[in-house]
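See structure below.
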C-alpha cells in the first residue's frame, strides 16, 4: 500500500531540537511538492513547511527561523529539522504532498515539548 511513514518524534525540553524524517514510495515524491503538517490537541491540522520538487521552500510564520525542511529525492525522503522548540509546537507531525492526497496520510509522529 502506498503510504508515507514518519519518524523521529519524541519528548524534548523547551529549547531543544528534533529531526523528523518521512519516507515513502517514489510515486509519491516524483515531481511533487512535499510538506510537513501538524495537528495539535483540539486544533485543526495545519501546514508547517513545504518544499517544491525544485527546492522552493515556504514556512508558516509560527516556525520561521526555527524549523528547516529538506528533501532527498534519491531516497524519497523529506526531513524537518526543528530547533528552539516551544510547548506550543507539541503536536502529531505528518508529511504529505502539498496539497495533500488523502490516501497518503501516515500515522504521524508525536512531538511533545515539555519540561
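Residue numbers (this note's numbering): 360 to 474.
Glycine included, every Cβ here is placed at the ideal spot set by N, Cα and C.
Have a look at the options and flag the residue whose alpha-carbon is nearest the alpha-carbon of residue i.
i, options, result
"residue 384", "444, 365, 406 and 468", "365"
"residue 414", "390, 460 and 467", "390"
"residue 402", "474, 433, 440 and 451", "451"
"residue 386", "442, 412, 440 and 399", "412"
"residue 441", "434, 423, 457 and 455", "423"
"residue 373", "425, 432, 453 and 463", "425"
"residue 380", "454, 464 and 459", "454"
"residue 419", "460, 362 and 448", "448"
Give me, in chain order, the residues of the same chain whose beta-carbon lies closer than 8 Å to that of residue i; leave out the 5 immediate sequence neighbours on both sides.
i, result
"residue 430", "388, 393, 410, 414, 436, 437 and 438"
"residue 459", "394 and 396"
Under a CB-based cut-off of 7 Å, is residue i close to chain C?
i, result
"residue 378", "No chain C is part of this structure, which consists of one protein chain only."
Take the Cβ of residue i as the centre, count every other Cβ of all protein chains shown within 10 Å, and call the residue buried at 16 or more, exposed below.
i, result
"residue 467", "buried"
Cutting at 6 Å between CB atoms, please list the residues of its own chain near residue i, excluding the five before and the five after it.
i, result
"residue 371", "377, 444 and 472"
"residue 469", "368 and 451"
Which residue or residues does DSSP assign as beta-bridge partners of residue i?
i, result
"residue 397", "405 and 452"
"residue 315", "No statement about residue 315 is possible, as the shown extent of the chain runs from 360 to 474 and does not include it."
Note down, one range per segment and in chain order, each beta strand (DSSP E) of at least 3 residues found wholly within the region 406-461. 416-418, 426-431, 436-441 and 450-456
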